[in-house]
Structures are given as structure tokens and as C-alpha cells.
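In the numbering used here, the protein residues as written are 3 to 75. Note that the Cβ used here is the ideal one computed from N, Cα and C, for glycine as well.
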């Protein structure tokens, strides 16, 4: 997941985004703890019959939101 603020990179957010994309299996906890990368790596189980969603809107507070983007490989 790219374009996500560092303060939003948490275990709970990784699981929520993984479940949004598909079914969350695993996430890279080391990258979240170390804060070395500007992206979050999440392993998900996908249903190939369903279209992929590339962008997720996240409400930070009532007046602010950010987008998390997930480029697929």
C-alpha cells in the first residue's frame, strides 16, 4: 500500500486495508515497526472473479481524509 502517512502505518490499519482488498493473510510487521519504508506490504487472498480496488479513502477526522493506493503486481 503506497501513499499512506507514516502515522497511519499500524497493525490494525494493515489488517483493515488487507481485508478491504481481499482477505488479509499477513503483513510485514518489521516494516511497520522500523518505519524504514514509505509503503506497507500486505499479503492478501483474492477472489479472481472480483475486480481489484486500487484506492481506499480513509477518514482521519471529520474534516480530513487521506487516500491509500495499492498498485498490483
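Can you name the residues that DSSP bridges to residue i?
i, result
"residue 11", "The partner list for residue 11 (beta bridge, DSSP) is empty, contrary to what the question assumes."
"residue 44", "29"
"residue 18", "Note: residue 18 sits in no beta bridge, so no partner."
"residue 57", "71"
Under 8 Å Cβ to Cβ from residue i, same chain only, skipping five residues before and after it: list those, please.
i, result
"residue 7", "68"
Once you ignore the five residues that flank residue i on each side, which residues in its own chain have a CB closer than 7 Å to its CB?
i, result
"residue 16", "29, 34, 42, 44"
"residue 26", "17, 20, 44, 46"
"residue 61", "67"
"residue 59", "67, 69"
In chain order, what residues of the same chain have a beta carbon less than 6 Å from the beta carbon of residue i, not counting five sequence neighbours either side?
i, result
"residue 81", "Nothing about residue 81 can be read from this structure; the chain reaches only from 3 to 75."
"residue 24", "46, 47, 48"
"residue 31", "none"
Assuming residue i and residue j are in contact, meaning their beta carbons sit under 8 Å apart, how far apart are those beta carbons, in whole angstroms?
i, j, result
"residue 55", "residue 22", "7 Å"
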